[in-house]
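Visitor: Residue numbering for the sequence shown follows UniProt numbering, beginning at 1 and increasing consecutively.
Heads up, the beta-carbon is just placed ideally off N, CA and C, and yes, glycines get one too.
Keep in mind the model is a prediction, meaning the values are calculated, not measured.
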Amino acid sequence: MAHSHTPVPVTARRGGPLRGRVRVPGDKSISHRAMIFGLLAIGETTVTGLLEGEDVMRTAAAARALGATVHHDGPGSWRVRGVGVGGLREPAGTLDFGNAGTGSRLMMGVCGSHPITTTFDGDASLRKRPMRRILDPLEQMGTVIVSQEEGGRVPLTLRGPKEALPIVYRTPVASAQIKSAVLLAGLAAPGETTVIETEATRDHTEKMLTHFGAQVTVSPEGEHGRRIVLKGQPELQAAPIVVPADPSSAAFPLVAALIVPGSDVLIESVMTNPLRSGLLTTLREMGADITIESEANEGGEAVATLRVRAGSLKGVTVPPERAPSMIDEYPVLAVAASFATGTTRMRGLQELRVKESDRLAAVEAGLKAAGVTCAIEGDDLVVEGSGGSVAGGGTVATHLDHRIAMSFLVMGLATDKPMQVDDGAMIATSFPSFVALMNGLGGEIG
């Protein structure tokens, strides 16, 4: 499937302080799952606050292709009438997920456990991402891999079994996508499907399974892990979903407010699920001025309005066990570390090598383009902070990765010389309003 793409260079330059109150778009992880659970439930699921970025829209299109009726009622407001577990329709064509790693992997779990044949594809970035980690457990459950590209990459075709087999699966790496794909596949299997993870990862799938009426038990496993047991073949019932603001998107105005002198920004209703809040923990260890103005609950998730003020940061060592709670935030953390005093060592970042790009290499190259001293040592990223002044002036290769693009545009708001990214088009996959929101606070991006 051809994906033509014209790069759109974007530049950020230093201006005055960032000031104001903003709410970032809905959480991407929960938005994908809202569409998927809407498909698998009986009745009509209402969703408010949905992220309407390109990635989630690909998942919505896949839900339609599999038999759901999906209505858009206005900004962030959607209705999904599902077909129930076991009721999927075989899609007429390929499910094209564009850049959506989460949507494609979770939907492989859904489709691979149903007696239908499904072909998955995506853009040039998605075609490089490893899918074997999803296909291995699915094969244990009875899925047949009809075709695949080298290394288990898309385009690939799955044929599901007449009835999926329940399994006990220990995830080889800390990945909410692997865990979620297995649990979603387990919905179609009789008996109990068990997932064991050594490091606890974001738990949105478990919470949403319970919200829609499935029987799920979660217990500790080892020092940092969990054992999740799902009773299969439930009749999921439609349930309303309120999508809180995405902490991974909030990271960008948050770090910008810390590094642009004189800034004072309020970020509303940010999800503070402890399995997603590693960046807040780390920035506070660095001395960041972040205070909670108010707390609430949205759709079963804790949220808070954060007040962020510029100030001095100091280098820290980020332990490897924190990685699952902030895996998407390391690029923008590296930007913050560039302005800190002293050395920041981010440990155990091997998972960054298999994101939308090799984020570890992309971050190192971007930092060096800005004049920052840094190095990759094994699976660690080491950044030598400047104590507040970063030269900038470089152009960063984004490799079709939205988070690389946004991170270095944030950096450009505080560097001595402007920073350019070679392509900002992919920002629309997760944060379509990013440039407008940042410029509304006083940034200069364009």
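Taking DSSP's pairing of strands, which residues face residue 96 in a bridge?
Guide: BP columns for residue 96 point to 121.
Visitor: Pull up the distance between the alpha-carbon of residue 18 and that of residue 345, whole angstroms please.
Guide: Rounded to whole angstroms, residue 18 to residue 345 spans 28 Å at the Cα level.
Visitor: Taking all protein chains shown into account, decide if residue 244 is buried (16 or more other Cβ within 10 angstroms of its Cβ) or exposed.
Guide: The residue is buried, with at least 16 neighbouring Cβ atoms inside 10 Å.
Visitor: Going by the DSSP bridge assignment, what does residue 307 pair with across the sheet?
Guide: Paired residues: 266 and 291.
Visitor: For residue 69, collect the residues of the same chain with a Cβ closer than 6 Å to its Cβ; drop the 5 residues on either side in sequence, then sort them by chain order.
Guide: The answer, listed in chain order, is 81.
Visitor: Comparing alpha-carbon positions, which option in 393, 65 and 27 lies nearest residue 48?
Guide: With distances taken between Cα atoms, residue 48 lies closest to 27.
Visitor: Run through DSSP, which three-state label would residue 159 get?
Guide: Three-state DSSP puts residue 159 in a strand.
Visitor: Between the Cα of residue 208 and those of 72, 236 and 227, spot the shortest distance and give me the residue it belongs to.
Guide: It is 236 whose Cα lies nearest to the Cα of residue 208.
Visitor: Drop a sphere of 10 angstroms on the beta-carbon of residue 1, count the other beta-carbons inside from all chains shown, and report buried for 16 or more, exposed for fewer.
Guide: Any reading at residue 1 is ruled out, since the residue's pLDDT is 45, under 50, leaving its predicted position unreliable.
Visitor: On the DSSP letters alone, give me the boundaries of the alpha helix (DSSP H) that residue 253 sits inside.
Guide: Where residue 253 is concerned, the enclosing alpha helix (DSSP H) stretches over 247-259.
Visitor: Among 109, 275 and 103, which residue has its Cα nearest to the Cα of residue 224?
Guide: Nearest C-alpha to residue 224: 275.
Visitor: Do you know whose CA, among 67, 144, 133 and 5, lies nearest residue 99's CA?
Guide: Closest option to residue 99, Cα to Cα, is 5.
Visitor: Which partner residues does residue 169 have in the DSSP bridge list?
Guide: Its beta-bridge partners are 195.
Visitor: Quick check on residue 434: buried or exposed, where buried means 16 or more other Cβ atoms within 10 Å of its Cβ?
Guide: Result: buried.
Visitor: For residue 226, count the other beta carbons within 10 Å of its own beta carbon; 16 or more makes it buried, fewer makes it exposed. Which is it?
Guide: Label assigned to residue 226: buried.
Visitor: Relative to the alpha-carbon of residue 420, which residue among 426, 430 and 409 has its alpha-carbon at the smallest distance?
Guide: Among 426, 430 and 409, the Cα nearest to that of residue 420 belongs to 409.
Visitor: I'd like to know whether the C-beta of residue 439 is nearer than 8 Å to at least one C-beta of chain C.
Guide: No chain C is present in this structure, which holds just one protein chain.
Visitor: Would the region 255-262 count as touching the region 34-47 if we require 3 or more Cβ pairs under 8 Å?
Guide: No, the region 255-262 does not touch the region 34-47.
Visitor: So residue 376 is in the beta strand (DSSP E); what residue range does that whole segment cover?
Guide: Start and end: 373-377.
Visitor: Give the straight-line distance between the Cα atoms of residue 232 and residue 201, rounded to the nearest whole angstrom.
Guide: The straight-line gap from Cα to Cα measures roughly 22 Å.
Visitor: If you draw a straight line from the C-alpha of residue 88 to the C-alpha of residue 111, how long is it?
Guide: C-alpha separation (whole angstroms): 8 Å.
Visitor: With residue 474 as the anchor, note down where its beta strand (DSSP E) starts and where it stops.
Guide: Nothing can be reported for residue 474: it is not among the residues displayed for the chain, which extend from 1 to 446.
Visitor: DSSP three-state label for residue 76, please.
Guide: The answer is coil: DSSP assigns residue 76 none of H, G, I, E or B.
Visitor: Please classify residue 296 as buried or exposed, where buried requires at least 16 other C-beta atoms within 10 Å of its C-beta.
Guide: Answer is exposed; the Cβ neighbour count stays below 16.
Visitor: Is the distance from the Cβ of residue 304 to the Cβ of residue 335 below 8 Å?
Guide: In this structure, residue 335 does not lie closer than 8 Å to residue 304 by Cβ.
Visitor: Can you tell me where the alpha helix (DSSP H) with residue 175 in it begins and where it stops?
Guide: Careful: residue 175 lies outside any alpha helix (DSSP H) and carries neither H nor E.
Visitor: Pop quiz: residue 290 and residue 308 are said to be a contact at Cβ under 8 Å. What is the actual Cβ separation, rounded to whole angstroms?
Guide: Residue 290 to residue 308, Cβ: 5 Å. Contact.
Visitor: Could you give the first and the last residue of the continuous beta strand (DSSP E) run that contains residue 381?
Guide: Where residue 381 is concerned, the enclosing beta strand (DSSP E) stretches over 380-384.
Visitor: So, using beta-carbon positions, are residue 142 and residue 166 closer together than 8 Å?
Guide: Cβ atoms of residue 142 and residue 166: not closer than 8 Å.
Visitor: Quick one: complete alpha helix (DSSP H) runs, 4+ long, within the region 343-431?
Guide: Listed in chain order, they are 359-369 and 402-412.
Visitor: Find out if the Cβ-Cβ distance for the pair residue 399, residue 429 is shorter than 8 Å.
Guide: Against a cut-off of 8 Å, the Cβ pair of residue 429 and residue 399 comes out as no contact.
Visitor: Buried or exposed: residue 58, going by 16 or more other Cβ atoms within 10 Å of its Cβ?
Guide: Answer is buried; the Cβ neighbour count reaches 16.
Visitor: Tell me the rounded alpha-carbon separation between residue 150 and residue 105.
Guide: Roughly 17 Å between the two C-alpha positions.
Visitor: With residue 12 and residue 445 assumed to form a contact (beta carbons below 8 Å), what rounded beta-carbon distance in angstroms separates them?
Guide: At roughly 5 Å, the Cβ-Cβ gap stays under 8 Å, so residue 12 and residue 445 are in contact.
Visitor: Residue 26 by DSSP, collapsed to three states: which one?
Guide: Three-state result, residue 26: strand.
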